[in-house]
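For reference, the structure is listed below as structure tokens.
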Amino acid sequence: ILRRSYNTKALKHSQRSYSYIQPHASYKVAILGAGGGIGQPLALLVKMSPLVSALNLYDIANVKGVAADLSHCNTPAQVSDFTGASELANCLKGVNVVVIPAGVPRKPGMTRDDLFNINANIVKTLVEAVADNCPDAFIHVISNPVNSTVPIAAEVLKNKGVYDPKKLFGVTTLDVVRANTFVAQKKNLKLIDVDVPVVGGHAGITILPLLSKTNPSVAFTDEEVQELTVRIQNAGTEVVEAKAGAGSATLSMAYAAARFLGRNGVEAVISSELQGLTEFEQKALEALKPELKASIEKGVAFVQKQT
Ligand code: NAI
């Protein structure tokens with residue numbers, strides 16, 4: 067429907083029949099951490115969506131200018147800015163989708179887990195406010211370490227009695243985006259056609275691309291599987307090192323997060339992806355489980371310790 071609505075030739079020829087399938091701007095989206103490296107380009111991409119009627123930008127600083135700037139784009143979303151804890155509740159009231167890229171990013175030499183102590187508190191506080199002000203909203207957690215911040219969000223929502231697992235997401239789409247790009251480059255394929263499922267979590271070996279299930283089907287040598295898997299797992303570090311202290315992935319992350327925004331939340335858990343793995347994938351899956359489990363337990367314990 068969206069692709070059609072942008073097809074101006076078709077529109078000209080059939081204005082009336084297309085008018086009823088015009089995308090209706092009805093979603094209210096809040097971005098928490100909207101002044102940051104991810105928040106700003108993500109706000110721009112969301113502002114470009116014809117489905118969004120309101121875009122609420124929240125940060126502890128520097129968000130007024132971002133909102134003023136974006137508000138000049140002639141798309142339907144009404145942009146509003148909210149600064150500091152006292153304005154958080156107003157930012158969230160009536161919102162359908164909350165995206166959280168608030169917190170500190172990695173610097174060279176850091177793992178995502180090194181961010182835990184700072185970002186755990188930020189995510190906990192923000193999700194408490196979400197639970198109080200828009201408990202039905204879809205919540206997209208970008209702040210790292212995602213393997214722990216999502217369990218933190220889940221525990222907060224459970225404590226508040228508003229947890230719906232279909233509406234809470236850790237945004238790991240960047241791993242899929244990277245896997246698609248690297249496979250297409252390696253195999254000289256048209257980028258737009260390649261789809262590589264990625265399972266597990268979002269840190270190091272917990273990121274597991276299932277290259278054997280690439281669509282359309284592609285044959286890889288063992289060396290290619292090894293090389294691509296390691297590159298996909300460490301792609302974030304490639305960016306952190308290239309930025310040399312100025313942060314981590316922001317533009318590709320904003321693209322991935324904007325692509326991720328869906329309509330109905332989790333519709334199904336596709337466990338069939340985990341059937342028929344290669345020996346390499348099966349071993350990697352077993353190897354990632356203890357680390358992922360430990361990161362989840364760390365997040366759960368962080369919230370339980372404080373309640
Ligand atoms: P940044 O430092 O450029 O921006 C973070 C923003 O959060 C800043 O504007 C800051 O003022 C704001 N902030 C800090 N405390 C806040 C609070 N209590 N409430 C609201 N806003 C607050 O960082 P960047 O590059 O935008 O990264 C943000 C997070 O996203 C990091 O934790 C980073 O590790 C993570 N990330 C996640 C990825 C993923 O694939 N899920 C990929 C890349 C980064």
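Yeah, the sequence shown ends on 373 if you go by UniProt numbering, and it's all consecutive. Note that the Cβ used here is the ideal one computed from N, Cα and C, for glycine as well. It should be emphasised that the depicted structure is a prediction, and the values quoted were computed from it without experimental measurement.
In this structure, the C-beta of N330 stays at least 7 Å away from each heavy atom of the ligand NAI. In terms of Cβ geometry, P167 and I218 do not form a close pair [threshold 8 Å]. Burial check for A353: the Cβ neighbour count within 10 Å stays below 16, so the residue is exposed. Unbroken alpha helix (DSSP H) stretches of 4 residues or longer found wholly inside the UniProt domain "Lactate/malate dehydrogenase N-terminal" (94-236): 105-113, 130-136, 154-158, 182-199 and 212-225, given in chain order. With a threshold of 16 other beta carbon atoms within 10 Å, A269 meets it and is buried. When rounded, the separation of the alpha-carbon atoms in L255 and C157 is 43 Å. In the displayed model, P356 falls within a helix according to three-state DSSP. With at least 16 other beta carbons inside 10 angstroms of its own, P211 counts as buried.
Check the Cα spacing between V237 and each of T141, V265, V296 and A285: the tightest is with V265. Counting along the chain, L257 sits inside no beta strand (DSSP E), nor does DSSP assign it H or E at all. DSSP, reduced to helix, strand and coil, places L277 within a helical segment of the structure shown. Bounds of the beta strand (DSSP E) holding V265 are V264 to G266. Per the coordinates, the alpha-carbon of P116 lies some 39 Å from the alpha-carbon of L343.
In terms of CA proximity to E290, F248 leads the group F248, T272, D259 and A323. In this structure, the CA atom of E194 is about 13 Å from the CA atom of Q372.
For A308, the enclosing alpha helix (DSSP H) begins and ends at A301 to K309. Across the structure, V129 and I336 are spaced so that their CA atoms are roughly 39 Å apart. Annotated three-state conformation of N246 is helix, per DSSP.
For the options M319, T215 and S283, the alpha carbon positioned closest to that of G102 is the one of M319. Here S137 is not near A91, since their CB atoms are 8 Å or more apart. In the displayed model, G365 falls within a helix according to three-state DSSP.
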